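Notes follow the structure.
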Amino acid sequence: MTDNIVQVSTATATREEAVALAGPAVEKRLAAGAQIIGPVTSVYWHLGEYGTGEEWQVLFKTTEAQYPALEADLLERHPWDNPELCAVPVKFAAPRCAEWVRDSVTGAGA
């Protein structure tokens, strides 16, 4: 694991559920920050059925090293049994932004 930055996404049915996931994850320094976007319309296959629905997307900023802890926390607290949880590497980031993410999840910026 490295200190490379990743963006982690998940979704919830309501804004309140999204805030409930984001707040504790950031407070525990599992992520430097989170943005809640919504409502968004999702089109998907789930449990063998095609569907659409309204969701709230949550985007977290963290490091590769912190991802396993963030994943475990989100899976434990997420209201869905099998939530979407994806992490993508951030290929480019402004140096001060990258430093903020790294410092925030390690507590170095405290």
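When the count follows my numbering, it moves up by one through the sequence shown with no breaks and lands on 1375 for the last residue.
Ideal Cβ placement from N, Cα and C applies to all residues, glycine included.
From a predicted model like this one, the values you see are computed outputs, not experimental measurements.
Count the other CB atoms within 10 Å of the CB of residue 1312; is the residue buried (16 or more) or exposed (fewer)? exposed
Could you name the residues of the same chain whose beta carbon sits closer than 7 Å to that of residue 1363, not counting the 5 residues immediately before and after it, in chain order? Result list for residue 1363: 1270, in chain order.
Suppose only complete runs of 3+ residues qualify. What are the beta strand (DSSP E) ranges in the segment 1290 to 1355, listed by chain order? 1298 to 1311, 1314 to 1328, 1351 to 1354
Mapping DSSP to helix, strand and coil, what is residue 1279? Looking at residue 1279 - three-state DSSP - the assignment turns out to be coil, as it is neither helix nor strand.
If you draw a straight line from the alpha carbon of residue 1348 to that of residue 1373, how long is it in whole angstroms? 31 Å
Taking the Cβ atom as the reference point for each residue, do residue 1297 and residue 1326 lie within a distance shorter than 8 Å? Yes; because the gap between Cβ atoms is below 8 Å, this pair is in contact.
Those residues which DSSP pairs with residue 1284 across a bridge: Residue 1284 pairs with nothing; no bridge assigned.
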